[in-house]
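See below for the structure under consideration.
Residue numbers (the numbering used here): 21 to 363.
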């Protein structure tokens with residue numbers, strides 16, 4: 021709608037310029053007695069220049085693309101040049117006074133009100149002064165442009181308010197859309213958390229209990245020469261499975277309010293022999309839930325191996341946050357695995 025209004029204002033200005041140029045050549049200008057009523061020869065050249073300037077501005081992106089909310093210097097210079105050329109033409113012949121009305125619209129459609137309103141006031145004053153200075157001028161020549169300028173300003177103010185409200189509404193819609201997306205993500209995260217808790221509960225009630233039963237049953241067989249060595253092997257495998265399943269259950273039950281660093285610190289503190297330290301480097305950030313659970317499981321498994329097989333006197337869990345990666349290293353001073361003194 022605004023673009024159509026700007027185009028119509030330019031078309032109207034071109035038409036009024038052409039009509040005023042024809043009228044100024046067809047009828048002499050009103051002048052005092054003993055004064056030559058003929059127009060200077062360069063008047064028509066100036067009118068043609070203003071006509072061409074108006075037409076050229078419609079096809080210049082930096083000029084035509086200016087709006088009250090994002091004005092451009094090129095458009096301001098274009099409007100000033102049009103206004104100056106029009107002022108000279110109106111001084112030469114009153115027929116050009118009608119061109120002021122599309123000029124009002126162009127100023128108000130391309131520039132902020134704080135600049136456009138003073139410009140409209142100046143243009144109106146120029147028209148009024150020219151009418152009062154003309155021998156045929158009168159009060160109507162003053163009131164008409166004043167009413168026209170006021171109507172244009174009121175219309176532009178209304179359109180500006182509508183535009184601002186539309187942009188505010190669009191911003192609110194975008195904010196609502198972002199909020200709905202955040203809520204959907206929160207619901208999905210809550211659903212994933214509930215599913216993890218369900219799986220952890222099922223594992224605890226089935227797999228963990230089964231491993232516990234196997235350990236208890238094999239341990240109930242008395243030691244002695246008649247004890248089958250296979251029972252010891254079964255008991256060891258069951259204990260390893262029980263420890264691993266408990267680590268999986270713990271990882272699945274990790275609460276959202278607890279960060280990966282807190283979970284790793286708790287896992288390190290749970291290891292009594294050897295003493296284990298957690299080292300975090302880089303800028304800590306929240307990772308996807310699946311990634312955090314995977315890292316926690318890896319750390320728990322590695323610490324279990326350190327406790328059972330490494331024969332170490334100390335261990336370190338190092339979590340490094342890079343710009344586009346995360347690295348987890350579990351090192352100890354025992355046998356195998358990553359060495360504490362490794363670079």
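Note that CB positions come from ideal geometry on N, CA and C, so glycine has one too.
Task: residue 40 versus residue 175 - alpha carbon distance - done: 26 angstroms
Task: Other residues of its chain near residue 291: CB distance less than 8 angstroms, five sequence neighbours each side excluded - done: 323, 326, 327, 335
- [ ] Give a yes or no on whether the C-beta atoms belonging to residue 106 and residue 119 are separated by under 8 angstroms.
- [x] yes
Open item on the list: For the structure I just gave you, are there three or more beta carbon pairs, one from the stretch 136–144 and one from the stretch 169–186, closer than 8 angstroms?
Closed with: yes
- [ ] Determine the direct distance from the alpha carbon of residue 184 to that of residue 216, and round the result to whole angstroms.
- [x] 48 angstroms
Task: 8 angstroms contact criterion, which residue 258 and residue 226 should meet: CB distance rounded - done: That belief does not hold up - the Cβ atoms of residue 258 and residue 226 are roughly 14 angstroms apart, past 8 angstroms.
- [ ] Flag this pair as yes or no: are the beta carbons of residue 330 and residue 314 separated by less than 8 angstroms?
- [x] no
Task: Assumed close pair residue 288, residue 337 - CB separation to whole angstroms, cut-off 8 angstroms - done: 5 angstroms
Open item on the list: I'd like to check one pair, residue 232 with residue 262: are the Cβ atoms closer than 8 angstroms?
Closed with: yes
TODO: Just grab the DSSP bridge partners of residue 104 for me.
DONE: For residue 104, which the question treats as bridged, DSSP gives no partner whatsoever.
- [ ] With residue 311 as the anchor, note down where its beta strand (DSSP E) starts and where it stops.
- [x] From DSSP, residue 311 is part of no beta strand (DSSP E) but of the alpha helix (DSSP H) over 309–325.
TODO: Leaving aside the five residues before and after residue 307 along the sequence, list all residues of the same chain whose C-beta is less than 6 angstroms from its C-beta, in chain order.
DONE: none
Task: Reference residue 147; option with closest CA among 202, 224, 113, 35 - done: 113
Task: Cβ-Cβ distance between residue 425 and residue 280 below 8 angstroms - done: Not covered by the structure: residue 425. The range shown for the chain is 21 to 363.
Task: Three-way DSSP call (helix, strand, coil) for residue 58 in this model - done: Only weak support exists for where residue 58 lies, its pLDDT of 49 falling under 50; the coordinates are left without a value.
Task: Which of helix, strand or coil DSSP assigns to residue 266 - done: helix
- [ ] Within its chain, find whatever has a CB closer than 6 angstroms to the CB of residue 267; leave out the 5 residues flanking it on each side and keep chain order.
- [x] 320
TODO: Output yes or no for whether 8 angstroms exceeds the beta carbon distance between residue 99 and residue 131.
DONE: yes
TODO: Would you decide whether residue 352 is buried or exposed? Buried here means 16 or more other CB atoms lie within 10 Å of its CB.
DONE: buried
TODO: Tell me whether residue 291 sits in a helix, a strand or coil according to DSSP, three-state version.
DONE: coil
Task: Beta-carbon proximity check, residue 110 vs residue 117, cutoff 8 angstroms - done: yes
Open item on the list: Please return the same chain residues whose Cβ sits closer than 7 angstroms to the Cβ of residue 53, not counting the five positions on each side in sequence.
Closed with: Reliability fails at residue 53, whose pLDDT of 46 lies under 50, so the model's placement of it is uncertain and no value is given.
Open item on the list: Between which residues of its own chain and residue 236 is the CB-CB distance below 8 angstroms, once the five residues before and five after are set aside?
Closed with: none
Open item on the list: I need the boundaries of the beta strand (DSSP E) containing residue 303, first residue and last residue.
Closed with: First-last for residue 303: undefined, no H or E at that position.
Open item on the list: Between the alpha carbons of residue 207 and residue 256, how many angstroms are there, rounded?
Closed with: 42 angstroms
Task: DSSP state of residue 53 mapped onto helix, strand, coil - done: Bear in mind that the predicted position of residue 53 carries a pLDDT of just 46, short of 50, making it unreliable; the figure below should be weighed with that in mind. DSSP places residue 53 in coil when its eight states are reduced to three.
Task: Assigned secondary structure, residue 232 (DSSP; H/G/I helix, E/B strand, else coil) - done: helix
TODO: Compare the beta carbon distance of residue 32 and residue 122 with 8 angstroms and say whether it is the shorter of the two.
DONE: yes
Task: Pairwise C-alpha distance: residue 181 and residue 366 - done: The chain is shown from 21 up to 363; residue 366 falls before or after that span and cannot be answered.
Open item on the list: Alpha carbons only, please: which of 318, 35, 333, 302 is nearest the one belonging to residue 344?
Closed with: 302
Task: With 16 other Cβ atoms within 10 Å as the buried cut-off, status of residue 363 - done: In this prediction, residue 363 scores a pLDDT of 48, lower than 50, which makes its location untrustworthy; the coordinate-derived value is nonetheless stated afterwards. It counts as exposed.
TODO: Using DSSP bridges, identify the partner residues of residue 346.
DONE: 341
Task: Cβ pair residue 265, residue 223 closer than 8 angstroms - done: yes
Task: Under the three-state DSSP convention, the category residue 29 falls into - done: helix
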